[in-house]
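>
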Amino acid sequence: MRIISFNANGVRSAARKGFFDWFITQDADLLCMQETKAQEHQLAGTDGTHADFLPAGYKAWFRDASTKKGYSGVAIYSRREPDEVRTALGRESFDEEGRYIEARFGNLSVVSFYIPSGSSGELRQGFKFEAMDWLGPILDQWLASGRDYVLCGDWNIVRSALDIRNWKSNQKNSGCLPPERAWLNGRICEDGGSDGTAACAGGWVDAYRALNPEGQDYTWWSNRGAARANNVGWRIDYQFVTPSLRDRLRGCSILREPRFSDHAPFTVDYAD
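Residue numbers (full-length UniProt numbering): 1 to 272.
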């Protein structure tokens, strides 16, 4: 099974840059997309289909932002029809921004998450912290449910110095704040952090880190300056899996080039 997670920073923009041409060559079973930045009806062509945004052999499900157009939004593309698709977790301020969609296949749940960013100021940083506090117990329930979960998406938080080029200079910036990292490392992920954060026994497995214990790859680069050319990036796009899937991890890759977005597609291969 191959799953790709990708923050498109606009599905229409990514399509124009050749994303779907690349995607159809990848033999992926599922694509979890974030920041579609579109209403589903806007993706329909004059014939009423989504041909430009839906490769042959796939179906897609969307959770658009209802708060404002051209904002946020998540989607799941799948070869196989899910048994069920869920698009709400029960917190209106989070759900209505189009930040969660889950496809269920038997005992497997695949989730596309877009965790809020706090980089625009204190108000949004406060919303991000509120969302983190609220999500923690939900993720605990999922871990204890007996279901297999793959949580894909842009979490807008780096885990350690291995996951960001300029570690020291970003300690006061959203996405690298100590409370954010303490939540992701000590509250969510089972391996803790290389910055000394204690492990969360029985927590979620970071697929990339499990496969690359000392890896220093990034999934997002600022559009300012020559950040991407100089590889001044952050690893903030993840696939977190339940411990039950750890032994099924086979490999992963981050596609730095060609450039479809300010984020790179992150692919993980799982054994059947």
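Even glycine gets a Cβ: it sits at the ideal position worked out from N, Cα and C.
All figures in this text were calculated on a predicted structure; none of them were measured in a lab.
Enumerate, from N- to C-terminal direction, the unbroken alpha helix (DSSP H) stretches of 4 or more residues contained entirely within the region 140-216.
Listed in chain order, the complete alpha helix (DSSP H) runs (minimum 4 residues) inside the region 140-216 are 178-182, 207-211.
> Could you check what DSSP says for glutamine 239 in three-state terms: helix, strand or coil?
Three-state result, glutamine 239: strand.
> Rounded to whole angstroms, what's the CA-CA distance from asparagine 166 to serine 119? Just pull it up for me.
In a straight line, the C-alpha of asparagine 166 is about 16 Å away from that of serine 119.
> Would you please verify whether the beta carbon of threonine 267 is less than 8 Å from any beta carbon of chain C?
Among the chains in the structure shown there is no chain C, since it carries only a single protein chain.
> Indicate the three-state DSSP secondary structure (helix, strand or coil) for aspartate 269 in the structure shown.
Correct three-state label for aspartate 269: strand.
> Run the CB neighbour count on threonine 67, radius 10 Å, all protein chains shown included, and call it buried at 16 or more, exposed below.
That one is exposed.
> Tell me the residue span of the alpha helix (DSSP H) that contains serine 261.
First-last for serine 261: undefined, no H or E at that position.
> If you count every other CB in all the chains shown that lies within 10 Å of the CB of histidine 41, and 16 or more means buried, which is it?
Exposed.
> In the DSSP assignment, what residue or residues form a beta bridge with glutamine 34?
BP columns for glutamine 34 point to Asn7, Val74.
> Within its chain, find whatever has a CB closer than 6 Å to the CB of tyrosine 77; leave out the 5 residues flanking it on each side and keep chain order.
Correct list, in chain order: Leu31, Tyr58, Ala60.
> Measure the C-alpha to C-alpha separation of tryptophan 183 and methionine 132 and round it to an integer number of angstroms.
For tryptophan 183 and methionine 132, the distance between alpha carbons rounds to 8 Å.
> Whose C-alpha, out of Leu255, Tyr71, Asp191, is nearest the C-alpha of glutamine 26?
Residue Leu255 is the option with its Cα nearest to glutamine 26.
> Between Asp29, Lys172, Leu43, which lies nearest to glycine 121 when the distance is taken from Cα to Cα?
Closest option to glycine 121, Cα to Cα, is Lys172.
> Run through DSSP, which three-state label would serine 93 get?
Of the three classes helix, strand and coil, the one that applies to serine 93 here is helix, per DSSP.
> Could you spell out where the beta strand (DSSP E) holding residue 273 opens and where it closes?
In the structure displayed, the chain extends from 1 to 272; residue 273 sits before or after that span and is not available.
> If the criterion is Cβ atoms closer than 8 Å, does the pair alanine 38 and arginine 2 meet it?
No, the Cβ-Cβ distance between alanine 38 and arginine 2 is not below 8 Å.
> Can you tell me whether DSSP reads leucine 249 as helix, strand or coil?
Strand at leucine 249.
> Helix, strand or coil: which one does DSSP assign to serine 244?
Of the three classes helix, strand and coil, the one that applies to serine 244 here is helix, per DSSP.
> Can you pull the DSSP bridge partners for valine 110?
Answer is Ala103, Val150.
> Can you grab the Cα-Cα spacing for the pair glutamate 84 / asparagine 156, in whole Å?
Distance between the alpha carbons of glutamate 84 and asparagine 156: 27 Å.
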